[in-house]
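Residue numbers for the sequence shown follow full-length UniProt numbering, so the first one is 1 and each next one is one higher.
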Amino acid sequence: MPLTSHRHPYLWPETFGDALQATVFSALVWALAATLLYFLAPGLGSFPRVLMFSECVGITMVACVLALRRSQRLARLRPMTRWVVTGLIAIPTGFIAGHQIAFLLLGEPMQMVGNQRISLSPIIFTVLVGGLGLYYYATREQLAKEAAARSEAQRLAIESQLRLLRAQLDPHMLFNTLANLRSLIREDVDRAESMIDQLIVYLRSALAASQTEAVALSREFAQLRAYLDIMSLRMGPRLNFRLDLPAGLADTLVPPMLLQPLVENAIKHGLEPKVGAGSIEVAASLTDSGIEIRVSDSGLGLPADEQGAADIAARPAGTSYGLQHVRDRLHAVYGSAAQLSLERRVPSGVCAVIRIPR
């Protein structure tokens, strides 16, 4: 799972692209303000002159706001107080400094608003437009904070759900194995000792997997091999298995203990009830859309009323603990981007197919 980085909203915008976007947006807003001011307050000069003053005021104000937003002293204030202080500094600074810059660019003598007397119209327009702009950015910052809080809460909820699902799976496997071991002790002590050794290896691997949110496919396959070794000791020649993991996919991260429920399901419902030997094959491969993992068995196969490529989502929730568990894990981590389906095998058996994005 990728690590998340925490950005400080009070430093907005943080990148050059964000600053450029804010400047361009401000330029458009102040051009509109210049147009309104030109028609509503005649006597300020030609439209290009009014536009020059308006743009210089707006860009100067934006520069002032960007500088103030990086002040650590302001960052310690409450959000609303921070924006009010920013406005009280940026609006007068933008108005006065912006006018002086416009006079300099136009080659005119520097004065307050371009006339011998002070005009209130530019001042009122500057306060209104600057105040609305700051209110827009304050609202945007608040919405970004709320969205970040919702995202973090959703991430924590998913992590809690995954921990719960793993906690449900571990005892399920352990109880089954201990029940099998109890029967084997009476029949074959040597095989029972070998099973205990394999169980220790498996539990160590499972403990390591329980302490992380994602494991490499190589570790997932190693844990699966330990589990199948245990089942091979119990079932003897009735169980053969093969694991196929390409080297290029060994480091791919997946939810821990994702494949074991499918293997358990194949043994419990496919191979154990079947008379004679059977096999399980787990193979991973890279496809155009992501990674495909197939868990195939030569067991009894799907019931007669099941479709040949049944979508697990369409099956009743209580049909199989293993299938339901995998479906929940995939949904919690990948959402609708991952799929789990069943396919019939000829002449018998089932293939569970997991498709996940890479």
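Note that CB positions come from ideal geometry on N, CA and C, so glycine has one too.
message: Taking the beta carbon of residue 8 as the centre, do at least 16 other beta carbons fall within 10 Å, making it buried, or is it exposed?
response: Within the sequence shown, residue 8 is the residue found at index 8, counting from 1. In this prediction, residue 8 has a pLDDT of 41, which is less than 50 and means its spatial position is unreliable; nothing more can be read from the coordinates.
- prompt: If you count every other CB in all the chains shown that lies within 10 Å of the CB of residue 346, and 16 or more means buried, which is it?
  reply: Locating residue 346 in the sequence shown gives position 346, where the first residue counts as 1. Exposed.
- prompt: Would you call residue 135 buried or exposed, if buried means 16 or more other Cβ atoms sit within 10 Å of its Cβ?
  reply: By one-based count along the sequence shown, residue 135 stands at place 135. With fewer than 16 other Cβ atoms within 10 Å, it is exposed.
message: Let's see if you can read the secondary structure: which residues bound the alpha helix (DSSP H) around residue 106?
response: As a first step, residue 106 must be located in the sequence shown, where it is residue number 106. Note, residue 106: alpha helix (DSSP H), 79-106.
- prompt: Would the stretch 222-234 and the stretch 177-194 be scored as touching if the rule is three or more Cβ pairs under 8 Å?
  reply: Yes, since at least three Cβ pairs between the stretch 222-234 and the stretch 177-194 fall closer than 8 Å, the two stretches touch.
Segment contact flag, the stretch 282-292 with the stretch 238-247, C-beta cutoff 8 Å, min 3 pairs: Flag = yes, the stretch 282-292 and the stretch 238-247 touch.
Element boundaries [alpha helix (DSSP H), containing residue 232]: Counting from one through the sequence shown, the residue named residue 232 turns up at place 232. Per DSSP, the unbroken alpha helix (DSSP H) holding residue 232 starts and ends at 217-235.
message: Using only the alpha-carbon positions, how far apart do residue 353 and residue 212 sit?
response: Within the sequence shown, numbered from 1, the residue matching residue 353 stands at position 353. Within the sequence shown, numbered from 1, the residue matching residue 212 stands at position 212. Each residue's Cα considered, the two are about 24 Å apart.
- prompt: Can the beta-carbon of residue 29 be found less than 8 Å from the beta-carbon of residue 129?
  reply: Sequence index remark: in the sequence shown, residue 29 carries index 29 (1-based). Sequence index remark: in the sequence shown, residue 129 carries index 129 (1-based). With respect to residue 129, residue 29 sits close: the two C-beta atoms are nearer than 8 Å.
message: Cutting at 6 Å between CB atoms, please list the residues of its own chain near residue 351, excluding the five before and the five after it.
response: Along the sequence shown, one-based indexing puts residue 351 at 351. These residues qualify, in order along the chain: 294, 296, 343 and 345.
task: Taking only the alpha-carbon atoms, compute the straight-line gap between residue 68 and residue 57 and give it to the nearest angstrom.
output: Position 68 of the sequence shown, counted from the start, is the residue given in the question as residue 68. Position 57 of the sequence shown, counted from the start, is the residue given in the question as residue 57. One alpha carbon belongs to residue 68, the other to residue 57, and they sit about 16 Å apart.
message: Taking the straight line between their C-alpha atoms, what separation do you get for residue 325 and residue 334?
response: One-based indexing of the sequence shown puts residue 325 at position 325. One-based indexing of the sequence shown puts residue 334 at position 334. Taking the straight line from one Cα to the other gives about 14 Å.
field: Limits of the alpha helix (DSSP H) - the one that residue 51 falls within
entry: Residue 51 sits at position 51 when you count from the first residue of the sequence shown. 47-69 is the span of the alpha helix (DSSP H), which, as asked, contains residue 51.
- prompt: Is residue 122 buried or exposed, if buried means 16 or more other CB atoms sit within 10 Å of its CB?
  reply: Position 122 of the sequence shown holds residue 122. So residue 122 ends up on the buried side.
- request: Would you decide whether residue 46 is buried or exposed? Buried here means 16 or more other CB atoms lie within 10 Å of its CB.
  value: The residue given as residue 46 occupies position 46 in the sequence shown. With fewer than 16 Cβ atoms within 10 Å of its Cβ, residue 46 is classed as exposed.
- prompt: For residue 217, which residues of its own chain have a beta-carbon under 7 Å away from its beta-carbon, when the five flanking residues on both sides are left out?
  reply: As a first step, residue 217 is located in the sequence shown; it is residue number 217 there, counting from the start. Closer than 7 Å at the Cβ level, and outside the excluded window around residue 217, lie 245, 249, 250, 252, 254 and 284.
- prompt: For residue 1, which residues from the same chain have a beta carbon less than 6 Å from its beta carbon, with the 5 sequence-adjacent residues on both sides left out?
  reply: By one-based count along the sequence shown, residue 1 stands at place 1. Because the pLDDT at residue 1 is just 36, under 50, the model does not fix this residue reliably, and the value given afterwards should be weighed accordingly. Correct list, in chain order: 213 and 214.
task: Take residue 270 and list the residues in its own chain whose beta-carbon comes closer than 8 Å to its own, dropping the five residues that flank it on each side.
output: One-based indexing of the sequence shown puts residue 270 at position 270. 278, 297, 298, 299, 300, 301, 349 and 350.
message: Please identify the residue among 41, 140, 61 and 31 whose C-alpha is closest to the C-alpha of residue 48.
response: Working through the sequence shown from its first residue, we reach residue 48 at position 48. Its Cα nearest to that of residue 48, the residue 31 stands out among 41, 140, 61 and 31.
message: Taking 8 Å as the threshold (C-beta atoms), are residue 37 and residue 26 in contact?
response: The residue given as residue 26 occupies position 26 in the sequence shown. The residue given as residue 37 occupies position 37 in the sequence shown. Going by C-beta atoms, residue 26 is not nearer than 8 Å to residue 37.
field: Buried/exposed call for residue 42, threshold 16 Cβ in 10 Å
entry: For this step, residue 42 is matched to residue 42 along the sequence shown. Exposed, since its Cβ has fewer than 16 Cβ neighbours within 10 Å.
message: For a minimum of 3 consecutive residues, which ranges assigned as the beta strand (DSSP E) are wholly contained in the stretch 122-152?
response: If only complete runs of 3 or more residues are kept, the stretch 122-152 shows no beta strand (DSSP E) anywhere.
task: Buried or exposed for residue 358, please, with buried defined as at least 16 other CB atoms from any protein chain shown within 10 angstroms of its CB.
output: As a first step, residue 358 is located in the sequence shown; it is residue number 358 there, counting from the start. With fewer than 16 Cβ atoms within 10 Å of its Cβ, residue 358 is classed as exposed.
task: Compute the distance between the beta-carbons of residue 433 and residue 263, then report whether it is under 8 Å.
output: Residue 433 falls outside the range modelled here, since the chain spans only 1 to 358, and no answer is possible.
- request: Return the Cβ separation of residue 61 and residue 91 in integer angstroms, given the expectation that the two are a contact with Cβ distance under 8 Å.
  value: Mapped onto the sequence shown, residue 61 falls at position 61. Mapped onto the sequence shown, residue 91 falls at position 91. Contact check for residue 61 and residue 91: beta-carbon distance about 7 Å, within the 8 Å limit, so the pair qualifies.
- request: Return the residue from the list 189, 79 and 73 that minimises the CA-CA distance to residue 145.
  value: Working through the sequence shown from its first residue, we reach residue 145 at position 145. If we check each option's Cα against that of residue 145, 79 comes out closest.
As assigned by DSSP and simplified to three states, the class of residue 299: On the sequence shown, position 299 is the one that residue 299 refers to. Of the three classes helix, strand and coil, the one that applies to residue 299 here is coil, per DSSP.
message: If I measure Cβ to Cβ from residue 34 and keep anything under 6 Å in the same chain, skipping five residues before and after, which residues do I get?
response: Numbered from its first residue, the sequence shown carries residue 34 at position 34. Closer than 6 Å at the Cβ level, and outside the excluded window around residue 34, lie 50, 51 and 54.
message: Can you tell me where the alpha helix (DSSP H) holding residue 264 begins and where it ends?
response: Start at 1 with the first residue of the sequence shown, and residue 264 comes out as number 264. Secondary structure note for residue 264: its alpha helix (DSSP H) is the uninterrupted segment 260-266.
Short Cβ contact (8 Å threshold) for residue 219 with residue 292: In the sequence shown, counting from the first residue as 1, residue 219 sits at position 219. In the sequence shown, counting from the first residue as 1, residue 292 sits at position 292. Here residue 219 is not near residue 292, since their CB atoms are 8 Å or more apart.
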